[in-house]
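The next block holds one structure in the form of structure tokens; read it before the comments.
In the working numbering, the protein residues as written are 14 to 140.
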């Protein structure tokens, strides 16, 4: 699950994810994650990029609508570069957004590589 914490009140709520392991794209709690490992928020605060380690995918959460979609990763364990949805990862554990570009770096732990995801082109490559 992706949880939200209201810093002023201390209230915690589920923003996205059912709590059941999976990789289903959907809205809010109808979506599923499998061991989300890290989250990065875009500069415009519109999207959260989630490294979903257990599903070997990089997911996107729209922070207005709570829509969860897969950005990259076929779900198969591997190290293939290419178009984002056909690329494969092996237990990715972290990621960060480039501060001024449309790029997300992924720590692809199982492959011992840093991978680069170009968000607008939906293309993934090894750095």
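Backbone N, C-alpha and C define an ideal beta-carbon position, used for all residues, glycine too.
Mind reading off the beta-carbon distance from residue i to residue j? Whole number of angstroms is fine, and I expect it under 8 angstroms.
i: residue 94; j: residue 139; result: 6 angstroms
i: residue 81; j: residue 39; result: 6 angstroms
i: residue 36; j: residue 88; result: 6 angstroms
i: residue 85; j: residue 29; result: Not a contact, Cβ separation roughly 18 angstroms.
Let me check understanding here. Comparing Cα to Cα, which of the options lies closest to residue i?
i: residue 25; options: 17, 32, 31; result: 17
i: residue 66; options: 110, 134, 101; result: 101
i: residue 53; options: 104, 76, 88; result: 76
i: residue 106; options: 125, 116, 114, 115; result: 125
i: residue 49; options: 64, 42, 43; result: 64
I'd like the list of long-range same chain contacts for residue i, defined as Cβ closer than 6 angstroms, with 5 residues on each side in sequence excluded.
i: residue 91; result: 101
i: residue 123; result: 103, 104
Beta-carbon within less than 7 angstroms of residue i's beta-carbon, same chain only, minus the 5 sequence neighbours each way: which residues are those?
i: residue 136; result: 96, 97
Here's a check: name, in chain order, each residue in its chain whose Cβ is nearer than 8 angstroms to the Cβ of residue i, leaving out the five neighbours to either side.
i: residue 127; result: 118, 119, 120, 121, 139, 140
i: residue 83; result: 36, 38, 70, 71, 72, 73, 98
Q. Which ranges does the alpha helix (DSSP H) cover as unbroken runs of at least 4 residues, wholly within the region 16-62, from first to last along the chain?
A. Segments of the alpha helix (DSSP H) lying fully in the region 16-62: there are none.
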